[in-house]
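One line per chain: the protein sequences are W and X, in this order.
Position one of the first sequence corresponds to residue 1 (my numbering), numbered consecutively onward.
Position one of the second sequence corresponds to residue 1001 (my numbering), numbered consecutively onward.
We put the beta carbon where it would ideally sit given N, CA and C, even for glycine.
Owing to the predicted nature of the structure, the values given are computational and were not obtained by experimental measurement.
To keep things clear, I will list the structure first and then write my remarks on it.
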Amino acid sequence: MSVDKATVAKIASLARIRMDDAALERMVPELNGILQWVEQLGEVDTAGVEPMAAVIPNTLRLREDVVDADPLTGGGKREDVLANAPAAEHGFFGVPKVIE
Amino acid sequence: MTDLTSLGVKDIRDGVAKGDFTAREVATSFNAAVAEAAHLNAFIVTTPDHALAAADKVDAARAAGEALGRMAGVPIGMKDLFATNGVQTTAASHILEGFTPRYESTVSQKLWDAGAGMLGKLNLDQFAMGSSNETSFFGNVTSPWKKAGSNAAMSPGGSSGGSSAAVAARIAPAATGTDTGGSIRQPAAFTGICGIKPTYGRCSRWGIVAFASSLDQAGPMARSVEDCAIMLGAMAGFDPKDATSLQMDVPDWEAALNSDLRGKKVGIPREYRMEGTDQAILESWEQGKAWLRDAGAEIVDVSLPHTKYALPAYYIVAPAEASSNLARYDGVRYGLRDLPEGVGLQDMYAATRAAGFGDEVKRRILIGTYVLSAGFYDAYYTQAQKVRALVARDFALAFEQCDVILAPTTPTASFPLGSMNEDPLTMYLNDVFAVPASLAGLPAMSVPATINADGLPLGLQLVGKPFDEQGVLNAGLAIQQRAGFTAKPEKWW
């Protein structure tokens, strides 16, 4: 499979990365080179093989059902959370208007 | 007095404990060495005050007769992928420039608790995506090594290239690294130092800027196997804040170091004999076998039949996870915001990410987005996950016949900066020997073996069973004792 400029533009839009025409033109052969190379995985017989998501067997733990069980990741951190925001207003993240 | 910057972790820790020198003297020496080495561009920011404050705490604790931590008095470099409270953390990207965490990553906190101090935040490939340290927004890192008869700037490897350059140049006794597909081992091999990636889950990922969460693991980089054992002991341990953290005891790797390999079997994977591998690397591999045999081990042939598919599988799995992880950089919560006049939220996201991410990061996000998109998910992503399962099964079967695997770390020695940028694939291939162990989550280490005809270091790689960091370290120690690697870069910076 290979991608054309329109496909790369669609992917870039899905990934929310603005790309002009020149950037798209440049990216098409680069992505195709990589995609053609990974295509060799199609040769591998994977019938009956379960896809691996977690490499070391582990089970998800439940934490204590307690508010702020871990103070580092609990609540009450508004100032810390907003400290690095490009625009923080009235204790919230500021964003451009999203409704007309 | 000895030049304190020539000392490693163990010698510094033991010297401070004995009173041969103070932790402050050590920190002062390394701070000065860091300040002199700006030409390497190994650090994005330096934090001499952090190193001094930690040293003073250790000196005070010693004066008060208190017990000292396992890294007491050792100033280290911190890869700029670890969130450090009050100190800029960028992942070497423009999109996080100026980001100053209000919290400390678990691994860095454990190191400070063990008595280490921070010399600064080390440069790396942007978001740890790269194998040469040429994708950082803050400029390339230059290796302290030079090719014989050439003045070309050499690559320190990547992504932990600031770490490898700093440790090889003796401006830090040790540094943290992270390894997603070879990012500790390959730079260690390129610069003649040691580096170990533990079993996936040993070190908490909490507070480490995420690249590919099912692969990312932190580990130490230092100039000896002993130093790596000490530092890994300080970094590892269960953390409830990381859902994939291993809930198991951390052995005392330092105390159990033992290079007597009698009764151990070392596997030699025949598929690692690949075209394009330097002759000198193949010879060092042969030499490595002889050293381990001399240490008492039996050498056996093993097969890892899916080796050639590991790298392409990695270049689907890692970008897929990256495209998801990096969705958080949106210009809203932290970092850069690019808000062109009069545009709405969606255009702000797109403009911010266009301005904030470098080319390699964009390339991987696009690949990841594509392989996860409707209609392609099964053909690419699911197939790659199945191949990953087969790569892991290959190792499991091989470990029925051997205790540890010996292979080269890289197919080539370091190369000049700028010489491998024609095609992204050429660079990817440098991780061909490192990626399989990452996909399988196994502990793996690179130790320096020799220097080639150009005067550049070559590394050997050891891969162990899950949770058997000890077996890896022990085999590494056996090589270290026999290789007698003492070469170091001549100071030009």
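- Under the DSSP assignment, A1218 of chain X falls in the beta strand (DSSP E) whose first and last residues are Q1217 to A1222.
- With a cutoff of 8 Å on beta-carbon distance, A1295 of chain X and A1478 of chain X are scored as near each other.
- When the five nearest sequence neighbours on each side are left out, the beta carbons in the same chain lying within less than 7 Å of the beta carbon of K1010 of chain X are those of E1226, D1227 and I1230, in order along the chain.
- For P1269 of chain X, the nearest beta carbon of chain W is not closer than 8 Å to its own beta carbon.
- Taking the C-beta atoms as reference points, A1188 of chain X is found nearer than 8 Å to G1459 of chain X.
- At a Cβ-Cβ threshold of 8 Å, E1271 of chain X and S1303 of chain X count as neighbours.
- Assigned with DSSP and collapsed to three states, K1386 of chain X falls in helix.
- For a Cβ distance threshold of 9 Å, residue set M52, A53, A54 and V55 of chain W lies close to S1214 of chain X, ordered along the chain.
- F93 of chain W has a beta carbon lying within less than 8 Å of a beta carbon in chain X.
- Under the Cβ criterion (8 Å, minimum of three pairs), the segment 1236-1250 of chain X counts as touching the segment 1194-1202 of chain X.
- Here A47 of chain W is exposed. Its C-beta has fewer than 16 other C-beta atoms within 10 Å.
- Taking the CA atoms as reference points, E89 of chain W sits about 19 Å from G1342 of chain X.
- With respect to the C-alpha of T7 of chain W, the residue from X:G1375, X:L1429 and X:V1463 having the closest C-alpha is X:G1375.
- Taking 8 Å as the cut-off between beta carbons, the residues of the segment 1388-1401 of chain X near chain W are R1388, A1389, L1390 and A1392, in sequence order.
- Note on geometry: alpha-carbon atoms of F1021 of chain X and V1034 of chain X lie some 20 Å from one another.
- For R1262 of chain X, the closest alpha carbon among the candidates X:N1474, X:R1388, X:N1041 and X:K1018 is that of X:N1474.
- Separation of the CB atoms of T1046 of chain X and L1119 of chain X is rounded to 7 Å, and the pair is thereby assigned contact status at 8 Å.
- With distances taken between CA atoms, A1063 of chain X lies nearest to X:A1017 out of X:A1017, X:A1168, X:E1025 and X:A1054.
- With a cut-off of 8 Å on Cβ pairs, the segment 1355-1366 of chain X is in contact with the segment 1319-1326 of chain X, counting three or more such pairs.
- P1443 of chain X has its alpha-carbon roughly 21 Å from the corresponding atom of F1082 of chain X.
- Residues of the segment 67-78 of chain W with a Cβ closer than 9 Å to any Cβ of chain X, in chain order: A69, D70, L72, T73 and K77.
- Note that the C-beta distance between V1209 of chain X and Y1314 of chain X is not below 8 Å.
- Among the residues of the segment 1080-1112 of chain X, those with a Cβ less than 7 Å away from any Cβ of chain W are F1099, T1100, R1102 and Y1103, in the order of the chain.
- For V28 of chain W, no Cβ of chain X is located within less than 8 Å of the residue's own Cβ.
- The C-alpha of K1289 of chain X is placed about 12 Å away from the C-alpha of V1404 of chain X.
- Taking every protein chain shown into account, the CB of M1 of chain W has fewer than 16 other CB atoms within 10 angstroms, so this residue is exposed.
- Under DSSP, Q1461 of chain X shares a beta bridge with X:A1407 and X:S1446.
- Short of 7 Å from the beta carbon of A1152 of chain X, and not among the five residues preceding or following it, lie these beta carbons of its own chain, in chain order: P1416.
- Among the residues of chain X, none has a CB under 9 Å from the CB of D65 of chain W; the nearest is roughly 14 Å distant.
- In the DSSP assignment, K1308 of chain X falls within the alpha helix (DSSP H) that extends over T1307 to N1325.
- Taking the C-beta atoms as reference points, P1144 of chain X is found nearer than 8 Å to A1169 of chain X.
- In the structure shown, the three-state DSSP call for M1235 of chain X is helix.
- Annotation for V1391 of chain X: L1304, H1306, T1307, Y1309, A1310, A1313, P1436, L1439 and A1440 place their beta carbon closer than 8 Å to its own, counting only its chain and skipping 5 residues before and after.
- Contact holds between the segment 1121-1133 of chain X and the segment 1153-1165 of chain X, because three or more Cβ pairs, one in each stretch, are under 8 Å apart.
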